[in-house]
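S.K.: Protein chains in written order, with our numbering: chain A, 44 to 282; chain B, 44 to 282.
Backbone N, C-alpha and C fix where the C-beta goes; we use that ideal spot for every residue, glycine too.
Submitted below is the structure of interest, expressed as structure tokens.
There are 2 protein chains.
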Amino acid sequence: MAVTARTYDASQYERPSVTVDVVIFTILDSELKVLLVKRKNWPCEGMWAIPGGFVDMNEGLEEAAYRELREETSVSGQDVYLEQLYTFGNPGRDPRTRVITVAYFALVGADKLHLPEGGLRAASDAAGVGWFSAYTPPLLAFDHAEILEYAITRLRYKLEYTAVGFQLLPERFTLRELQEAYETVLSEKLDKGNFRSKLRKSGAVEATDAYQETGGRPARLYRFRDDAVAEIKTRRLFP
Amino acid sequence: MAVTARTYDASQYERPSVTVDVVIFTILDSELKVLLVKRKNWPCEGMWAIPGGFVDMNEGLEEAAYRELREETSVSGQDVYLEQLYTFGNPGRDPRTRVITVAYFALVGADKLHLPEGGLRAASDAAGVGWFSAYTPPLLAFDHAEILEYAITRLRYKLEYTAVGFQLLPERFTLRELQEAYETVLSEKLDKGNFRSKLRKSGAVEATDAYQETGGRPARLYRFRDDAVAEIKTRRLFP
DNA sequence: ACAAAAGTGTTGAGAGTACACCCATGC
DNA sequence: GCATGGGTGTACTCTCAACACTTTTGT
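And the structure:
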């Protein structure tokens, strides 16, 4: 019986390793991007993988996720959305030993990233880190393709039910940029007028007095209103 | 850097213990109930807790959850809904050692439970297992109150967005029973007419030719249609 | 006949959708 | 002027929510 197994001396049990992996998304060039790192060790040496690492013995899980995020992107906790995604623990997912991975997913605004000189290309070749299209990633190590797929599914749900989408954009953005972000994540065309009127009614954004040149009429820049949102008025879907 | 830390010899790291806890819900006497077990060891000896146990080295997480479920309720995998809930891993949540708990939540139909003789009262006193009102549980061990709260929140979401609610009821049920199940979980009165008409349109249930006596006009018994449901047509809520 | 519970129908208000239209800027 | 993109309004449709109503049983 499980309860009796929970004795004081837990050390008699062999323990698995526990890691935290973070699927980091952003939007660049109107595309949904994910951050990947190149593995330097066996197994899967040279393959791309979702960044992650072992959980320190005195460190909380979320704490570890923030640490990974900071190590890979130099982005502080204030500037990101971070959420636990799922825990993957099939025996055999890592050939070395039993590894249980608590996966997180993170949304980072493109303006928070200070890209290295030479841009993305140079970064991905030299440093072994790079942004990849989330829908057409390279071959990934371990079961990371499954983790990425799961993260994309969750991101779509989140986008439809909450207002986290803003975390993917720079602090000030045009409404077209916001709509394009939604369209790329959802892979679906949206109606301009309806998108804007719903947005206006929700009170989630406020206009700034700055404009951005676009080739036609300049577009007003908007800002996300973090006070008014958080909870989207949710309606029961079933039954 | 995290990536370099992922070397072959993972044994150099101290490893946490990993357990799986399962929050098991059912509906009895028009109330949402949760299964709790009485702890027999230090710490928290004698307190009620969510059933759980260590993950075996060659056992998947979900596999472990099904095992717990079977051990506590003798219910097979076919007859339940099981879903991963969240992973709790704050250092210090267990005073003995670092324990990371992958929590699952399960929905079991009341007809699947073969209650011991003497009913609930006897069971909870003697065997150290019992069903408790989920909204007014006893004082729980460790951070299990938090886990239960989280499970209830998730259950409500699930009920509104999907058709899992049927898993809480016996195979054949009256529409009033179904509505009462929804009302207890959501803590909210629903309109009879609207509830029924939406349910009819969704095609989620089908009538049987059996009836149940109720004190007034006999109520028709319905059955869940597992083919037609699964995916509730979801509409974007934001923006 | 009356109470109790099952089961259906109606109607006004509000949300969603498609689409057309005006505005400001560069060439 | 005209192309390009920003920004708004309208009208039709459908769903939602409150409430009234009919039907079938037991006493």
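1) Between V80 (chain A) and A177 (chain B), what straight-line distance do the alpha-carbon atoms span, to the nearest angstrom?
2) If you scan the stretch 70–116 of chain A from start to end, which runs of the beta strand (DSSP E) of 3 or more residues do you find wholly inside it?
3) Going by CA-CA distance only, name the one from A:F97, A:L183, A:Y124, A:Y109 that's closest to D269 (chain A).
4) DSSP on Y178 (chain A), reduced to helix/strand/coil?
5) Going by Cα to Cα distance, which pick from B:E74, B:P134, B:S73, B:A253 is closest to A107 (chain A)?
6) Select from the stretch 240–257 of chain A all residues with a C-beta closer than 8 Å to any C-beta belonging to chain B, and list them in chain order.
7) Name the residue from B:E57, B:E74, B:I67 whose alpha carbon lies nearest to the alpha carbon of T179 (chain B).
8) For E238 (chain A), go through chain B and note every residue whose CB falls closer than 9 Å to its CB, in chain order.
9) Taking all protein chains shown into account, decide if G120 (chain B) is buried (16 or more other Cβ within 10 angstroms of its Cβ) or exposed.
10) What residue range is occupied by the uninterrupted beta strand (DSSP E) comprising A253 (chain A)?
11) Pick out whichever of B:K244, B:A184, B:R219 has its Cα sitting closest to the Cα of G89 (chain B).
12) One question on the structure: do F267 (chain B) and V151 (chain B) come within less than 9 Å of each other, judged by their Cβ atoms?
13) Cα separation between V77 (chain A) and V61 (chain A)?
14) Within the chosen definition, does the stretch 202–211 of chain B reach the stretch 231–238 of chain B through at least 3 CB pairs nearer than 8 Å?
15) Just checking my contact of A253 (chain A) with L264 (chain A) at CB under 8 Å: how many whole Å lie between their CB atoms?
16) Rank A:C87, A:R243, A:G259, A:E102 by C-alpha distance to the C-alpha of P138 (chain A) and give the top, closest one.
17) Tell me which same chain residues have a C-beta within less than 7 Å of the C-beta of L233 (chain A), skipping the five on either side of it?
18) How about E111 (chain A) and V142 (chain A): are their beta carbons less than 9 Å apart?
19) On a CA-only basis, which of A:E256, A:W91, A:I195 is nearest G171 (chain A)? Give me that one, please.
20) Please return the same chain residues whose Cβ sits closer than 8 Å to the Cβ of L191 (chain A), not counting the five positions on each side in sequence.
21) For Q127 (chain A), go through chain B and note every residue whose CB falls closer than 7 Å to its CB, in chain order.
22) Ignoring anything shorter than 4 residues or poking outside the stretch 202–235 of chain A, list the alpha helix (DSSP H) runs there in chain order.
23) If you check the beta carbons only, do G103 (chain A) and G132 (chain B) fall under 9 Å apart?
24) If contact means a Cβ-Cβ distance below 9 Å, which residues of the stretch 138–160 of chain A contact chain B?
25) Grab me the residues of A250 (chain A)'s own chain with a C-beta within less than 7 Å of its C-beta, minus the 5 sequence neighbours each way, in chain order.
26) Please tell me whether I70 (chain B) and A153 (chain B) are closer than 9 Å, where the distance is taken between their beta carbons.
27) R58 (chain B) touches chain A at which residues, Cβ-Cβ below 8 Å?
28) Leaving out five residues before and five after Y200 (chain A) in sequence, what residues of the same chain have Cβ atoms less than 7 Å from its Cβ?
29) Let me make sure I understand the geometry here. Which of B:E231, B:R219, B:S230, B:P282 has the alpha-carbon closest to that of E256 (chain B)?
30) In chain order, what residues of the same chain have a beta carbon less than 8 Å from the beta carbon of V242 (chain B), not counting five sequence neighbours either side?
31) List, in order along the chain, the chain A residues whose C-beta lies closer than 7 Å to that of G103 (chain B)?
32) Could you check if T196 (chain A) is buried or exposed, using at least 16 other CB atoms within 10 Å of its CB as the buried criterion?
33) According to DSSP, is D64 (chain B) helix, strand or coil?
34) Along the beta strand (DSSP E) that carries E126 (chain A), what are the first and last residues, could you check?
M.R.: Taking the geometry as given:
1) By one-based count along the first sequence, residue 80 (chain A) stands at place 37. By one-based count along the second sequence, residue 177 (chain B) stands at place 134. For V80 (chain A) and A177 (chain B), the distance between alpha carbons rounds to 44 Å.
2) 74–81, 95–97
3) Locating residue 269 (chain A) in the first sequence gives position 226, where the first residue counts as 1. Of the candidates A:F97, A:L183, A:Y124, A:Y109, the one whose C-alpha sits nearest the C-alpha of D269 (chain A) is A:Y124.
4) If you number the first sequence from 1, residue 178 (chain A) lands on position 135. Three-state result, Y178 (chain A): coil.
5) As a position in the first sequence, residue 107 (chain A) is number 64, starting the count at 1. Minimum Cα distance to A107 (chain A) is reached at B:P134.
6) K241, L242, S245, A247
7) On the second sequence, residue 179 (chain B) is found 136 positions in, with the first residue counted as 1. Out of B:E57, B:E74, B:I67, B:E74 has the C-alpha closest to the C-alpha of T179 (chain B).
8) On the first sequence, position 195 is the one that residue 238 (chain A) refers to. Note that residue 238 (chain A) corresponds to Phe in the displayed sequence, not to Glu. Within chain B, the residues near F238 (chain A) are P282.
9) In the second sequence, counting from the first residue as 1, residue 120 (chain B) sits at position 77. Label assigned to G120 (chain B): exposed.
10) Here residue 253 (chain A) is taken as the residue at index 210 of the first sequence, counted from 1. Per DSSP, A253 (chain A) belongs to the beta strand (DSSP E) from 248–255.
11) Numbered from its first residue, the second sequence carries residue 89 (chain B) at position 46. Of the listed residues, the one whose Cα sits closest to G89 (chain B) is B:A184.
12) As a position in the second sequence, residue 267 (chain B) is number 224, starting the count at 1. As a position in the second sequence, residue 151 (chain B) is number 108, starting the count at 1. Going by C-beta atoms, F267 (chain B) is not nearer than 9 Å to V151 (chain B).
13) As a first step, residue 77 (chain A) must be located in the first sequence, where it is residue number 34. As a first step, residue 61 (chain A) must be located in the first sequence, where it is residue number 18. When rounded, the distance between both Cα atoms is 23 Å.
14) no
15) If you number the first sequence from 1, residue 253 (chain A) lands on position 210. If you number the first sequence from 1, residue 264 (chain A) lands on position 221. Right, their Cβ atoms sit about 5 Å apart.
16) On the first sequence, residue 138 (chain A) is found 95 positions in, with the first residue counted as 1. Out of A:C87, A:R243, A:G259, A:E102, A:C87 has the C-alpha closest to the C-alpha of P138 (chain A).
17) As a working mapping, residue 233 (chain A) is identified with position 190 in the first sequence. Taken in chain order, the residues that qualify are Q222, Y225, E226.
18) The count along the first sequence starts at 1 and reaches residue 111 (chain A) at position 68. The count along the first sequence starts at 1 and reaches residue 142 (chain A) at position 99. Going by C-beta atoms, E111 (chain A) is not nearer than 9 Å to V142 (chain A).
19) In the first sequence, counting from the first residue as 1, residue 171 (chain A) sits at position 128. Residue A:W91 is the option with its Cα nearest to G171 (chain A).
20) Here residue 191 (chain A) corresponds to residue number 148 of the first sequence, with the count starting at 1. Closer than 8 Å at Cβ, skipping near neighbours: V66, V77, I93, A177, P180, L183.
21) As a first step, residue 127 (chain A) is located in the first sequence; it is residue number 84 there, counting from the start. Simply Y129, T130.
22) 218–229
23) Working through the first sequence from its first residue, we reach residue 103 (chain A) at position 60. Working through the second sequence from its first residue, we reach residue 132 (chain B) at position 89. Yes.
24) R139, T140, R141, V142, I143, V145
25) Counted from its first residue, the first sequence places residue 250 (chain A) at position 207. Correct list, in chain order: R263, Y265.
26) Sequence index remark: in the second sequence, residue 70 (chain B) carries index 27 (1-based). Sequence index remark: in the second sequence, residue 153 (chain B) carries index 110 (1-based). Yes. Within cutoff.
27) Sequence index remark: in the second sequence, residue 58 (chain B) carries index 15 (1-based). Chain A residues near R58 (chain B): R58, P59, S60, V61.
28) In the first sequence, the residue the question calls residue 200 (chain A) occupies position 157. Taken in chain order, the list of residues that qualify is empty.
29) On the second sequence, position 213 is the one that residue 256 (chain B) refers to. Out of B:E231, B:R219, B:S230, B:P282, B:R219 has the C-alpha closest to the C-alpha of E256 (chain B).
30) Here residue 242 (chain B) refers to the residue found at position 199 when the second sequence is read from its first residue. For clarity, residue 242 (chain B) is Leu in the given sequence; the question names Val instead. Around L242 (chain B): L218, L221, V248.
31) Position 60 of the second sequence, counted from the first residue, corresponds to residue 103 (chain B). Simply G132, N133, P134.
32) Locating residue 196 (chain A) in the first sequence gives position 153, where the first residue counts as 1. Burial call: exposed.
33) The residue given as residue 64 (chain B) occupies position 21 in the second sequence. Strand at D64 (chain B).
34) Locating residue 126 (chain A) in the first sequence gives position 83, where the first residue counts as 1. Start and end: 123–131.
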